[in-house]
Amino acid sequence: MNPTKPQPLGLHHVVAMPWPGRGHINPMLNLCKRLVRRDPNLIVTVVVTEEWFGFIGSDPKPNRIHFATLPNLIPSELVRANDFIGFVDAVLTKLEQPFERLLDGLSSPPPNAIIADTYIIWAVRVGIKRNIPVASLWTTSATILSLFTHSDLLASHGHFPVEPSESKLDEIVDYIPGLSPTQIRDLQITHGYSHHVFNIFKKSFGELSKANYLLFPSTYELEPKAIDFFTSKFDFPVYAIGPLIPFEELSVGSKDNELDYIHWLDEQPESSVLYISQGSFLSVSEAQMEEIVVGVRESGIRFLWVARGGELKLKEALEGSSGVVVSWCDQLRVLCHVAVGGFWTHCGFNSTMEGIYSGVPMLTFPVFWDQFLNAKMIVEEWKVGMRIDSKKKNELLIVSDEIKELVKRFMDGESEEGIQMRRQICDLSETCRDAVAEGGSSDANIDTFMKDITKIV
Ligand SMILES: O=c1ccn([C@@H]2O[C@H](COP(=O)(O)OP(=O)(O)O[C@H]3O[C@H](CO)[C@@H](O)[C@H](O)[C@H]3O)[C@@H](O)[C@H]2O)c(=O)[nH]1
Numbered sequence: 001m002n003p004t005k006p007q008p009l010g011l012h013h014v015v016a017m018p019w020p021g022r023g024h025i026n027p028m029l030n031l032c033k034r035l036v037r038r039d040p041n042l043i044v045t046v047v048v049t050e051e052w053f054g055f056i057g058s059d060p061k062p063n064r065i066h067f068a069t070l071p072n073l074i075p076s077e078l079v080r081a082n083d084f085i086g087f088v089d090a091v092l093t094k095l096e097q098p099f100e101r102l103l104d105g106l107s108s109p110p111p112n113a114i115i116a117d118t119y120i121i122w123a124v125r126v127g128i129k130r131n132i133p134v135a136s137l138w139t140t141s142a143t144i145l146s147l148f149t150h151s152d153l154l155a156s157h158g159h160f161p162v163e164p165s166e167s168k169l170d171e172i173v174d175y176i177p178g179l180s181p182t183q184i185r186d187l188q189i190t191h192g193y194s195h196h197v198f199n200i201f202k203k204s205f206g207e208l209s210k211a212n213y214l215l216f217p218s219t220y221e222l223e224p225k226a227i228d229f230f231t232s233k234f235d236f237p238v239y240a241i242g243p244l245i246p247f248e249e250l251s252v253g254s255k256d257n258e259l260d261y262i263h264w265l266d267e268q269p270e271s272s273v274l275y276i277s278q279g280s281f282l283s284v285s286e287a288q289m290e291e292i293v294v295g296v297r298e299s300g301i302r303f304l305w306v307a308r309g310g311e312l313k314l315k316e317a318l319e320g321s322s323g324v325v326v327s328w329c330d331q332l333r334v335l336c337h338v339a340v341g342g343f344w345t346h347c348g349f350n351s352t353m354e355g356i357y358s359g360v361p362m363l364t365f366p367v368f369w370d371q372f373l374n375a376k377m378i379v380e381e382w383k384v385g386m387r388i389d390s391k392k393k394n395e396l397l398i399v400s401d402e403i404k405e406l407v408k409r410f411m412d413g414e415s416e417e418g419i420q421m422r423r424q425i426c427d428l429s430e431t432c433r434d435a436v437a438e439g440g441s442s443d444a445n446i447d448t449f450m451k452d453i454t455k456i457v
């Protein structure tokens, strides 16, 4: 097939292949929605496992977005955290053939392009074989992608791998393009479990150079140096098109009146609530969780807490305190609520972008992978948050008394540092909103990308 030929009925067709995980499927779907809103002739087929189709298949979406499913050949989402390496291995080895079979059946019209998560290493290979251009969607910061593509440079400085001793972790890395001077402890891939995971993914960063486009879920103004680096590195287009968060849906008639937690927020004073979410699949130890619960409860600060699993237990532990525990919420809507004044976050990149877009300062509590560098950027570069000290004390990262004091300090909007942080996040929020408004940097990049993949020569 020649992808540049006119398609039957003038339709354009994009196939989207997200990594099977919430933090990857969400930005991919948000991108697809944004694309179909722009091009009335575009249809998108989003490929997910049967399990994920069960989770998201009935969510509202434009009718030119269709789901196609792959069999459940990978460990269930509900248990994947128990053996993350096994999960990664299954995605990388078991889904390529079913994906190819699925493509064989998609002929009306044949795809103009595949948008695939960068971690889906085999997608570029499939695209090359079938002469379909592949846009690689990276779902976290451009800065960390620069780090990931420079592991050889880290190694030549004796920083990859490192023994996780205190003195080594304090060393500074200041030679990676786009990365401002950063302590090894914030880089994660140099040591421990993350190093092991990195070695599995390393190949995908090599494959990236064979893609036809690279898309970032970030906004150019947030990471100009890292994005400029990739623009000059690759001979294909690189577009920052973020944030890929569902801000368009905020203005669509909401079902707020059905949501108890929104009712509860409606009754709270402005900027008084700390929204707590520790991510969608990895968690912290039980002992650490107990310290956090006591610290938050004793701070007396109002909270809305998303607990994945363990909701009942958390409700019991927090009984009588000034907050609400839910198992899931519409996060962006919560963050944009006027009562929310702080965001305790694990620093997944989508959450980070949602915090910035909403103008809510962040209390950073990274758990894994890119989250440590995201936390560092939130606190030190963008200056829109406070860090929960990550120096380990025995098995605990932080104890309840420290949490209590930190939460009080963080939620104090009248202290000098509180005022500064809130001023700064308002500015950054505006930068982000401008980028996605008509004619903004991300908006213009999406337009150009759209023209690239649908052009007829
Ligand atoms: O109650 C909730 C909790 C979460 N979310 C959404 O779930 C997504 C979570 O994404 P993210 O914040 O990125 O966290 P993870 O799911 O943990 O993300 C994985 O993928 C990200 C993108 O690659 C990485 O940055 C993270 O480290 C990795 O854990 C966001 O869109 C949230 O809005 C909700 O809507 N409601």
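Numbering-wise, the UniProt record's numbering puts 439 at position 439 of the sequence shown, and it's gapless, one number per residue. Glycine included, each C-beta is placed from N, C-alpha and C at the ideal position.
If you reduce the DSSP assignment to three classes, tell me which class Thr-345 lands in. Strand, per DSSP.
Buried or exposed: which applies to Arg-333, given that a residue is buried once 16 or more other Cβ atoms fall within 10 Å of its Cβ? Looking at its Cβ environment, which holds 16 or more other Cβ atoms inside 10 Å, Arg-333 is buried.
Exposed unless 16 or more other CB atoms sit within 10 angstroms - verdict on Thr-4: Here Thr-4 scores only 41 on pLDDT, less than 50, and its place in the model should not be relied on; the value that follows carries that caveat. Burial call: exposed.
Using only CA atoms, which one of His-196, Glu-96, Val-284 and Ser-107 lies nearest to Val-44? When each option's Cα is compared against that of Val-44, the closest is Ser-107.
So what does DSSP say about Trp-305, is it helix, strand or coil? Taken through DSSP and simplified to helix, strand or coil, Trp-305 comes out as strand.
Please determine whether the Cβ atom of Phe-303 lies at a distance below 7 Å from any heavy atom of ligand 1. Checking every heavy atom of ligand 1 against the Cβ of Phe-303, none is found closer than 7 Å.
At which residues does the beta strand (DSSP E) containing Tyr-239 begin and terminate? Note, Tyr-239: beta strand (DSSP E), 238-240.
How should Pro-246 be labelled, buried or exposed, when 16 other C-beta atoms within 10 angstroms of its C-beta is the threshold for buried? Counting every other CB atom within 10 Å of its CB across the protein chains shown gives Pro-246 a total of 16 or more, marking it as buried.
Sequence-distant residues of the same chain with beta carbon closer than 8 Å to Val-36, five excluded per side: Within the same chain, Val-36 has close Cβ partners Leu-42, Ile-43, Val-44, Pro-62, Arg-64 and Ile-65.
Relative to the C-alpha of Ser-272, which residue among Val-284, Ile-301 and Arg-297 is closest? Answer by Cα proximity: Ile-301.
7 Å CB neighbourhood of Ile-121 in its chain, flanking five on each side removed: For Ile-121, the CB contacts under 7 Å within the same chain, skipping 5 residues up- and downstream, are Leu-92, Lys-203, Ser-204 and Glu-207 in chain order.
Between Met-421 and Val-384, which are expected to be in contact by the criterion C-beta below 8 Å, what is the C-beta distance as a whole number of angstroms? Sure, about 6 Å apart at Cβ, within 8 Å.
Using DSSP's beta-bridge definition, name the partner residues of Thr-143. Beta-bridge pairing by DSSP links Thr-143 to no other residue.
Give a yes or no on whether the C-beta atoms belonging to Ile-74 and Pro-27 are separated by under 8 Å. Going by C-beta atoms, Ile-74 is not nearer than 8 Å to Pro-27.
Extent of the continuous alpha helix (DSSP H) run through Met-28: For Met-28, the enclosing alpha helix (DSSP H) starts and ends at 22-38.
Phe-229 by DSSP, collapsed to three states: which one? When secondary structure is reduced to three states using DSSP, Phe-229 falls in the helix class.
Under the criterion of a Cβ to heavy atom distance below 7 Å, does His-195 qualify as lining ligand 1? The nearest non-hydrogen atom of ligand 1 is 7 Å or more from the C-beta of His-195.
For Met-362: DSSP bridge partner residues: Bridge partners of Met-362: Phe-343 and Gly-385.
Would you say Leu-332 touches ligand 1, meaning its beta carbon is less than 7 Å from a heavy atom? Remark: the shortest separation between the CB of Leu-332 and any heavy atom of ligand 1 falls under 7 Å.
For the alpha helix (DSSP H) containing Ser-400, name the first residue and the last one. Its alpha helix (DSSP H) spans residues 400-411.
Got a sec: does ligand 1 put a non-hydrogen atom nearer than 7 Å to the Cβ of Glu-354? It does: the Cβ of Glu-354 is within 7 Å (strictly closer) of some heavy atom of ligand 1.
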